[in-house]
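What the sequence shown shows, in my numbering, is residues 3 to 144, in sequence order.
In this text, a Cβ means the ideal position worked out from N, Cα and C, and glycines have one as well.
Let me begin by presenting the structure, written as structure tokens, before commenting on it.
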Amino acid sequence: MKNLRKSSGFTLIEIMVVIVILGVLGAMVVPSVLGRTGEARMKAAVVDLRAIETALDMYRMDNFVYPSSDQGLEALVVKPSGFPEPKNWNEPYLKKAPKDPWGYEYQYISPGSSGPYDLFSLGADGKPGGEGEAADIFVADL
């Protein structure tokens, strides 16, 4: 009788073929995923700006005015002092002072250049102007 052995498992060649295939797929997928990080941060900034805009509108409904530039966006987190005094401030409008996806503070100026306030992110470089991911994102342009 012949001694037949049933083999189970993969050969070294089969494992190497799978590794090569995974490497090729990874080389095609990873750059496209990493290339979208900036785009995802820009979209997150837009969502944040909309949420801050809503909180500012709620603040105004309660207090009849928007916070001043001196009071800033911190007025949405803790009751501000100074002028204009928020007479009906009764709750935090945001849980914490917001930062953009690049770690910079959102910019708030009241009164604004074309409305009651200007609200914007300076983008990835944290400086005015710029292009692409470094471009400023204004809530008025959304």
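Check	Outcome
Burial state of P113, where buried means 16 or more other Cβ atoms lie within 10 Å	exposed
Cβ distance (whole Å) where L124 is taken to contact P100 below 8 Å	Contact flag wrong, Cβ pair sits at about 13 Å.
Cβ contact check for the region 135 to 144 and the region 103 to 123: 3 or more pairs under 8 Å	yes
N- and C-terminal bounds of the alpha helix (DSSP H) containing Y61	39 to 65
Where the beta strand (DSSP E) containing D120 begins and where it ends	120 to 123
Buried versus exposed call for I54 [16 or more other C-beta atoms within 10 Å across all chains shown]	buried
Cβ-based burial, P88 [other Cβ within 10 Å; buried from 16]	buried
Beta-carbon proximity check, L78 vs L96, cutoff 8 Å	yes
Per DSSP, the bridge partner or partners of Y110	L121
N90 versus Q109, Y61, G11, Y108, residue with shortest Cα-Cα distance	Y61
Check whether A57 and P103 have beta carbons under 8 Å apart	no
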